[in-house]
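Chains as they are written, first to last, in my numbering: chain A, 256 to 353; chain B, 4 to 433.
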């Protein structure tokens, strides 16, 4: 199944206020081969569109634009995620409107 | 009791946590509230609107002072297909009467105000600190752990939101199930107050709540929403996770398509996107409420799953306030008796059972299941409504058909029995 996604979410995230905890990822994918069926769930459901694939079809994930909703943990916490926690205090997304 | 021990520590500066803290401090208890964001509300998102009845009881006339956006006096519900939109609209001054009024709010703003009220009442607010774990001794929760620091309290209130990792750590519940939660994605789109008044036919300070079923969530369980704020519009899409993952487009794409729908695009024209947000919504209702009482600990608000989505109304914040009030009553009683055991704190459950929180959750307990079991609401009826309206209003010059025959054609397509069954089941679950 092809999944439609032409929207540029990164541009939208660029408007948000983040305090990115550089070098201290609060979400980490498992190191071993990723089950792409599981990964596809996150490609569809992550509101920040952080679960991408590169030109070779490999998973490409960056925690920097995370909105801390928990969707990926609920869907794939037991399958392809190594770690999911909230960012350290003061770090991460800061909603001005919410 | 040692000097550095609090009567109560509350984890989370959302509405449930802040109101609990406020009520306890007002009665003279030593209360600390720990929030991981830089300010209360900085991690919080609503659709959304707050129904005022429960906070009104605690802070009468709060809406006069609080930074609410607009009083909602116009309710709209739509069935939306790719090219059409069929809407039912209800506007009434009855919607705005004090005590049964509701307001659009922005949590980044509203929660800060609520937190300032709690601070004025004597709550010690600590922001920018993430609670990592709880101090548990012989099964009793004795406080919180944040990094190297440990803080002790007679009772700890978990108000850490829908994800409540702390309730999970205590084993009060497992991981959330994909059918119990929906993910919402939202944009704040800035427009002048005057433009909003004009486009939504609103009087100054009044506003619209608008919910959509059908194409916004790509025909999956969920929908679109639009709320007018003072000088912005909250526009978003919500979808239940178990269904969302079967969709043929991404959630951000659904929102993008919703924005460019011919019924929506003109309303947003000239608007500037100010924020993009996402959040989980507990939608399992009564059946997802986990264990909420233990030795030295209570769970409130979203962390306890106190939320209802009825399709035409979404309620969470009034339950947050209601559960906070029950928790505060229980803690005050426990404090008087100096007994913070699970057995004594069971009075929290009794207060909840007597309050609208449990009464409403129980009343609507079968509704989440009904939505899940009735995909036609999301992928059938919007199309049927649009087809009937198309036949009524689109004049092609072709010979007309008797109205009854025309209507019956669309009804038969859906199946008369299906419609009767869905209607019966839906009404029975409400």
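Idealized CB from N, CA, C, for every residue including glycine.
- Residue-level contact by beta carbon holds for residue 322 of chain A and chain B, with a gap shorter than 7 Å.
- When CB distances to chain B are screened at a threshold of 7 Å, the residues of the stretch 277-300 of chain A falling below it are 296, 298, 299, 300, in chain order.
- Your pair residue 286 of chain B and residue 184 of chain B checks out as a contact, with CB atoms roughly 6 Å apart and the cut at 8 Å.
- Against chain A, the beta carbon of residue 264 of chain B has no neighbour under 9 Å; the closest one sits roughly 14 Å away.
- DSSP places residue 85 of chain B outside both helix and strand once states are collapsed to three, so it counts as coil.
- Using a Cβ-Cβ distance cut-off of 8 Å, the stretch 8-21 of chain B and the stretch 202-218 of chain B are not in contact, since fewer than three pairs of beta carbons, one from each stretch, lie closer than that value.
- In terms of beta-carbon proximity, residue 256 of chain B lines the interface with chain A, with at least one pair separated by less than 7 Å.
- Residue contact with chain A for residue 274 of chain B: absent (no Cβ-Cβ distance below 7 Å to any residue of chain A).
- Residue 263 of chain B is not a Cβ neighbour of residue 19 of chain B, given a cutoff of 7 Å.
- Non-local beta-carbon contacts of residue 47 of chain B in its own chain, meaning distances under 6 Å to residues more than five positions away in sequence, involve 17, 110, 114 in chain order.
- Taking a cut-off of 8 Å for Cβ pairs, the stretch 371-387 of chain B and the stretch 415-433 of chain B touch, as three or more such pairs fall below it.
- Residue 211 of chain B sits in a strand when the DSSP states are folded into three classes.
- Exclusion of the five residues before and after residue 290 of chain A leaves 334, 335 as the residues of its chain whose Cβ lies within less than 8 Å of its Cβ.
- Contact check for residue 28 of chain B against residue 125 of chain B passes: the beta carbons are separated by less than 7 Å.
- A straight line joining the alpha-carbon of residue 366 of chain B with that of residue 285 of chain A spans about 42 Å.
- With respect to chain B, the C-beta atom of residue 266 of chain A has no partner C-beta closer than 7 Å.
- Within chain A, the residues whose beta carbon sits less than 7 Å from that of residue 281 of chain B are 302, 303, 322, 324, listed in sequence order.
- Residue-level contact check: residue 271 of chain A touches chain B, since one or more beta carbons of chain B fall below 7 Å from its beta carbon.
- Each residue's CA atom was taken as its position, placing residue 170 of chain B and residue 191 of chain B some 31 Å apart.
- The continuous beta strand (DSSP E) containing residue 274 of chain A extends over residues 272-274.
- Note that the C-beta distance between residue 421 of chain B and residue 222 of chain B is not below 7 Å.
- Across the stretch 314-348 of chain A, CB contacts with chain B closer than 8 Å involve 322, 323, 324, 325, 326, 328, 329, 330, 332, 333, 340, 341, 342, 343, 344, 345, 347, 348, in sequence order along the chain.
- Remark: C-beta atoms of residue 292 of chain B and residue 307 of chain B approach each other more closely than 7 Å.
- The three-state reading of DSSP puts residue 430 of chain B in helix, counting H, G and I together.
- For residue 67 of chain B, the closest of B/284, B/242, B/102, B/256 by C-alpha to C-alpha distance is B/102.
- Here the alpha carbon of residue 345 of chain B sits roughly 47 Å from the alpha carbon of residue 234 of chain B.
- In this structure, residue 231 of chain B sits near residue 203 of chain B, with a CB-CB distance shorter than 7 Å.
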